[in-house]
Every structure is written in structure tokens, then in C-alpha cells.
Amino acid sequence: MIHAYDGSEEGITTFTERGVESLKEFLADIRAWDGGVRQFLVDEQCDPEMIERIMADEAKS
Numbered sequence: 085m086i087h088a089y090d091g092s093e094e095g096i097t098t099f100t101e102r103g104v105e106s107l108k109e110f111l112a113d114i115r116a117w118d119g120g121v122r123q124f125l126v127d128e129q130c131d132p133e134m135i136e137r138i139m140a141d142e143a144k145s
């Protein structure tokens, strides 16, 4: 992940091509873990509402 200055005050944060590949690999790995994505998010102490939104999107993919 890199932060790029685009002329705005905030800039943008984006992924390199390898960063996207790494993220895809990571997601594939956690989907195979016991409890999958939901358990990973719980273990990382994510907000319960955020977990539900992510899991709703996960069901679509």
C-alpha cells in the first residue's frame, strides 16, 4: 500500500499491483481458516456492525 500525493490536501492511498495480489492471497487464506472471515474479524476486535456489513458483502462474492 502506498500513499500518493495527488495535489489535494489529503492525497490518496492505493495498492501496488503486488499489494493487490498479496491482499487476494490473504483473503483466500482467511476464508480457509476455521471460522473464516467472521472469526478473523472477531479476533481482530472489529465493530460488530462492521462485521455484519462485511459478511453481507462476503455472501455476495
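As numbered in our numbering, residues 85 to 145 make up the sequence shown, in order. Here a beta-carbon is modelled for each residue, glycine too, at the ideal position from N, C-alpha and C.
Check	Outcome
If contact is defined by three or more beta carbon pairs under 8 Å, each pair taking one atom from either stretch, is the region 109-122 in contact with the region 138-145?	yes
Since I believe V121 is in contact with I138 (beta carbons under 8 Å), could you give me their beta-carbon distance rounded to a whole number of angstroms?	7 Å
Here's the rule: buried if 16 or more other CB atoms are within 10 angstroms of the residue's CB, otherwise exposed. What is L125?	buried
Residues bridged to I97 by DSSP?	This sequence places Thr at residue 97; Ile is not what is there. Partner(s): H87.
Roughly how many angstroms lie between the CA atoms of E109 and G91, to the nearest whole one?	32 Å
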